[in-house]
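Here the protein sequences line up with chains G and A, keeping their order.
Under the working numbering, the first residue of the first sequence carries the number 1, and numbering increases by one thereafter.
Under the working numbering, the first residue of the second sequence carries the number 1001, and numbering increases by one thereafter.
Each remark here refers to the structure printed beneath this line.
2 protein chains.
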Amino acid sequence: MTVKQHKIMLDEDEIPTRWYNVVPDLPAPPPPVLHPGTLEPVGPDDLAPLFPMALIAQEVTTDSYVEIPGEVLDIYRLWRPSPLYRAHRLEQALGTPARIYYKYEGVSPAGSHKPNTAVPQAFYNAQAGIRRLTTETGAGQWGTALAFACAQFALECEVWQVRASYDQKPYRRMMIETFGATIHPSPSDLTEAGRAILAEHPDSTGSLGIAISEAVEVAAQNADTNYALGSVLNHVLLHQTVIGEEALLQLAKVGETPDVIIGCTGGGSNFGGLAFPFLREKLAGKMSPQILAVEPAACPSLTRGQYAYDFGDTAGMTPLMKMHTLGHDFVPDPIHAGGLRYHGMSPLISHIYELGLMDAISKPQSECFAAGVQFARTEGIVPAPEPTHALAAAIDEAKRCADTGEEKVILTALCG
Amino acid sequence: MTVKQHKIMLDEDEIPTRWYNVVPDLPAPPPPVLHPGTLEPVGPDDLAPLFPMALIAQEVTTDSYVEIPGEVLDIYRLWRPSPLYRAHRLEQALGTPARIYYKYEGVSPAGSHKPNTAVPQAFYNAQAGIRRLTTETGAGQWGTALAFACAQFALECEVWQVRASYDQKPYRRMMIETFGATIHPSPSDLTEAGRAILAEHPDSTGSLGIAISEAVEVAAQNADTNYALGSVLNHVLLHQTVIGEEALLQLAKVGETPDVIIGCTGGGSNFGGLAFPFLREKLAGKMSPQILAVEPAACPSLTRGQYAYDFGDTAGMTPLMKMHTLGHDFVPDPIHAGGLRYHGMSPLISHIYELGLMDAISKPQSECFAAGVQFARTEGIVPAPEPTHALAAAIDEAKRCADTGEEKVILTALCG
């Protein structure tokens, strides 16, 4: 019997000490974020009611790398480096000559990639003297991550969860409360934004856009309270690049270079976190993988949305961002992949897509579920609904390789 | 800032290749299992309707070690070796000079230690030509583990879940079904045993003893069907010793010797799996840790039960085992630690307890929940209700060390 290695591990002292910023390496800079009143580019002061200056600086930095603070690395060490798995048993079931690797972020406190940015966000806010963070959450991963991160820095945490997920996933709520946060179903009657929606749609299942409006409203009205976003923004994607940086080291350990990199996309942070460090290598001519985003057919912002300036939230309280969007008042079907039910796509990923540096497709829920079941039965990990979108595309690619005989190296990310 | 290592890892080629059998090292052999009709010791033929001969041989072996088959090691590699964590952040919160380590089995397909034995049980049954396995499950970890294991060897799997847990934990049911098994709430109307209970107690919340009766009944009546038990029996504890063997290697890597080993106990397999390899070292005079079992106050078989011959199931279909028992018709409160709601204790652990080689205490649910919340907020892992019993005792010990200044090394196991 051949002994096969399943997990490619790194030591704790191999955790990257810098986050990677893809912006300066792009052939053209991303369009500015605009003030909704003046339609002029926003400055740091416009964002100050919501974010600490350290994060605003990261949002607009043109440095290629940002140092990870020691306090953040200390907490990363609870679960990082995360394992890179070779999916031997899935490959065998598919009869494919392709080699499938998945970076597994399920070892984190939330079971997803979200704590990679929740921890630094809580850290910088605590440093700035903030007492409380508000946020929205879909399926609950981001709320869980921020609740955990706030507990590390003695910050209060208040979460508005999209009602569809609040009702479907009570265990997430319990987990968020276990970490010490408070949680409300959204739309709620606690905010102007929530009350306005409820007046018109008393049975609203909610949306990430609505929940963002509620969380932003509370943060904007309280000087000791800031807002934290789990995806979409540049600084969030910056923090997530720790995933791709580790994956690069891990693939190098086994002498592999990826041919296809596949990630699911809602707001875009899981995808960007995995793909950006590889995009750097691609832009430098060191490798040439296809980079593929997979989104739900029920919420296809990248593949079916317009590339236009739009609000990040439903009530229109945020600055205007140029992004692929279905419209800030779009309320997607309450599919199970709650983390992908966002009307827009990260402006940075939208820009990279427009530059032709990556591809995108959409997948229906049923096909993703089938892929998730096949993955669970072979690899032993029951994936969250979100990454099954990427798994479905990875399985497609591996099956094509079974037909063509190509020994492609496929890399994907298993987030929660 | 001091860089502290949180995770002590082993390479995949350091997975132990042998399970350890504690029996030959004990100062006295355990009492025999008796046939309920003749009250004579049971022979292999008495167990053959339920178990394949390979497992029956392991149940009674006097060899010190049993080789782990290559096919089983191949599947173990999906998650093993599991990490050993140093609980730096919990220690800090407790202000203790004690060093707390936890062996984390949550990385397995079921999120617990259970697949360590589910996989070999499915393997030996498949080798013997069995087509289907039946079993019981409490909180659902064992059912999940066996469902996963059966999927690896193309066996059908049918699970009876204690109704209290079936109703409390729908996500476990979904996970069991994702792995391809069928699941029924117990007591069910599918068996004589279940129908008899329902006739008397239509609202029965069930018990592991009842669910075992149902699963055993179906296995005994069908030649192509065997039964698999997730704890209690010698061969189950044997398979779990892979936990303690790895922990020994991991502690040695950081130059530590445990002073206290604490495990939660329901049927006893998590506890035995962790403790037995250390008990071997203790009996050989190489270390002298206290070995402490912690059980729920609501189901205190070891601390409050009788040491007597009793049935393993409620209906009285199994052989008689000498064990600490609350009586085979005892139905514990539907506490959340469903995996610890068993009327008896592993005969092997009961025997070791009688020999004075270990200690036992019980803990109320509320204290365990508080310990679990403190652990989650510091270490970032939300523990299952079962191991919070061990965590509560570990926290007690660490607090004592804070008072006395003792730098004890505490080892516990985080199972799901």
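Positions of the beta carbon are idealized from the N, C-alpha and C atoms, including for glycine.
Only a predicted model underlies this, so the values are computations on that prediction, with no experimental measurement involved.
Identity of the residues DSSP links to residue i by a beta bridge
i: C1418/A; result: Residue 1418/A is absent from the structure shown; chain A starts at 1001 and stops at 1416.
i: L34/G; result: P41/G and L320/G
i: S1186/A; result: V1162/A
i: K1007/A; result: Y1085/A
i: N1226/A; result: L1133/A
i: G1344/A; result: T1325/A
i: V66/G; result: W19/G
i: E1306/A; result: In the sequence as presented, Glu is not what sits at residue 1306/A; that position holds Gln. Per DSSP, T1325/A.
i: Q290/G; result: V260/G
Simplified DSSP assignment, three categories, for residue i
i: S80/G; result: It is Arg, not Ser, that sits at residue 80/G in the sequence shown. It is coil, neither helix nor strand.
i: F311/G; result: strand
i: M1/G; result: Note that M1/G scores 40 on pLDDT, short of 50, meaning its location in the model is unreliable and no value can be drawn from it.
i: K363/G; result: strand
i: P383/G; result: coil
i: A1211/A; result: helix
i: T412/G; result: strand
i: E407/G; result: coil
i: R1140/A; result: The question names Arg, yet the displayed sequence has Gly at residue 1140/A. It is coil, neither helix nor strand.
i: C264/G; result: strand
i: K282/G; result: helix
i: L238/G; result: helix
i: E295/G; result: strand
i: I1100/A; result: strand
i: I1176/A; result: helix
i: L251/G; result: helix
i: P1027/A; result: coil
i: I56/G; result: helix
i: T1061/A; result: coil
i: A390/G; result: helix
Option nearest residue i by Cα separation, candidates the options
i: S213/G; options: A223/G, D224/G, A196/G and H201/G; result: A196/G
i: G285/G; options: T303/G, T257/G and K399/G; result: T257/G
i: L1084/A; options: V1254/A, A1402/A and H1389/A; result: V1254/A
i: G191/G; options: G266/G, H351/G, A215/G and L283/G; result: It is Thr, not Gly, that sits at residue 191/G in the sequence shown. Minimum Cα distance to T191/G is reached at A215/G.
i: A390/G; options: F271/G, F330/G, Q290/G and L283/G; result: F271/G
i: P1041/A; options: M1053/A, M1321/A, H1351/A and A1118/A; result: M1321/A
i: V33/G; options: I395/G, F278/G and V232/G; result: V232/G
i: P1187/A; options: R1173/A, K1169/A and G1206/A; result: G1206/A
i: H235/G; options: Y307/G, I349/G, G209/G and L249/G; result: I349/G
i: D1359/A; options: L1073/A, Y1309/A, V1260/A and L1155/A; result: V1260/A
i: G1209/A; options: L1050/A, G1111/A and G1316/A; result: G1316/A
i: H1184/A; options: A1193/A, F1276/A and V1162/A; result: V1162/A
i: A1128/A; options: M1053/A, L1414/A and I1410/A; result: M1053/A
i: R77/G; options: C264/G, V331/G, V242/G and V159/G; result: V242/G
i: A1126/A; options: Q1141/A, Q1168/A and C1157/A; result: C1157/A
i: L73/G; options: Y166/G, E12/G and Q306/G; result: E12/G
i: L292/G; options: Y353/G, L155/G, G372/G and L26/G; result: Y353/G
i: F51/G; options: R173/G, A393/G, S108/G and A219/G; result: A219/G
i: I1262/A; options: Q1168/A, P1347/A, Y1102/A and H1035/A; result: Y1102/A
i: E1246/A; options: Q1092/A, T1265/A, S1082/A and A1394/A; result: S1082/A
Outcome for residue i when other beta-carbon atoms lying within 10 angstroms are tallied against a minimum of 16
i: A1028/A; result: exposed
i: A252/G; result: exposed
i: H201/G; result: exposed
i: Y171/G; result: exposed
i: K4/G; result: exposed
i: R280/G; result: buried
i: R304/G; result: exposed
i: E1397/A; result: buried
i: E1067/A; result: exposed
Any non-hydrogen atom of the ligand NAD within 7 Å of residue i CB
i: I1130/A; result: As presented, the structure is devoid of all ligands, the ligand NAD included, so that no description of it is given.
Worksheet item: Within the chosen definition, does the region 1362–1370 of chain A reach the region 1294–1303 of chain A through at least 3 CB pairs nearer than 8 Å?
Response: Below 8 Å, enough C-beta pairs join the region 1362–1370 of chain A and the region 1294–1303 of chain A to call them touching: three or more.
Worksheet item: Can we say the region 1130–1140 of chain A touches the region 1223–1231 of chain A, given the rule of at least three CB pairs closer than 8 Å?
Response: A contact exists between the region 1130–1140 of chain A and the region 1223–1231 of chain A.
Discussion item. Check whether the region 1374–1387 of chain A and the region 174–191 of chain G touch, using three or more Cβ-Cβ pairs below 8 Å as the test.
Written reply: Segments in contact, yes.
Worksheet item: Does the count of Cβ pairs from the region 1398–1405 of chain A and the region 91–98 of chain G closer than 8 Å reach three?
Response: Cβ pair count under 8 Å is below three, so no.
Worksheet item: Hey, is the region 1048–1068 of chain A in contact with the region 1015–1022 of chain A, meaning 3+ C-beta pairs nearer than 8 Å?
Response: They touch, by the three-pair rule.
Discussion item. Measuring CB atoms only, is the region 1312–1325 of chain A touching the region 1340–1357 of chain A, in the sense that at least three cross pairs come out at less than 8 Å?
Written reply: Three or more beta-carbon pairs drawn from the region 1312–1325 of chain A and the region 1340–1357 of chain A are found closer than 8 Å, and the two stretches are therefore classed as touching.
Worksheet item: Are the region 1120–1131 of chain A and the region 1148–1165 of chain A touching, with three or more C-beta to C-beta distances below 8 Å?
Response: Contact between the region 1120–1131 of chain A and the region 1148–1165 of chain A is present, because at least three Cβ pairs lie under 8 Å.
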